[in-house]
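Data block below; observations after.
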Amino acid sequence: MSKVTTVTRGSQITLTKEIREKAGIQEGDRVVLTVVGNTVIVAKRDPSVFDRVGRFLPDNFEEILKKTRTDDRERLKRLGII
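Just so we're aligned, residue 76 is where the sequence shown starts under our numbering, counting upward by one.
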């Protein structure tokens, strides 16, 4: 499905009701704009995706993340700075 819209003086576009309904976009929703060449892709942002990410992470992920963020010396060694 393709629709044509006009860019306003304020650089805004309007998503028609039909497009919003097909994409499940409602007032207040956040959308992600992705540019590929001269094509702009608009996608509804799905914040619940972060709820599902946990099953892909190791059980001790919080511990690993904390260590990574606090152990600057180790991080600098990995990056070859020291």
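Idealized CB from N, CA, C, for every residue including glycine.
As the structure is a computational prediction, the values presented were derived from the model and not from experiment.
Terminal residues of the alpha helix (DSSP H) in which residue i lies
i, result
"ILE116", "First-last for ILE116: 114-119, but that is the beta strand (DSSP E), not the alpha helix (DSSP H)."
"PHE136", "136-145"
Residue i to residue j span [Cα, whole Å]
i, j, result
"GLY112", "LYS92", "26 Å"
"ILE156", "THR143", "16 Å"
"GLU96", "LEU108", "18 Å"
"MET76", "ASP104", "21 Å"
"VAL110", "SER86", "16 Å"
"PRO133", "LEU154", "23 Å"
Cβ-Cβ separation, residue j to residue i (assumed contact under 8 Å), whole Å
i, j, result
"LYS119", "ILE100", "5 Å"
"VAL115", "VAL106", "Actually they do not touch by this definition, with Cβ atoms about 11 Å apart."
#### Entry: Any alpha helix (DSSP H) of 4 or more consecutive residues that is wholly inside the stretch 77-109
Those alpha helix (DSSP H) runs which fall completely within the stretch 77-109 and span 4+ residues are 92-98.
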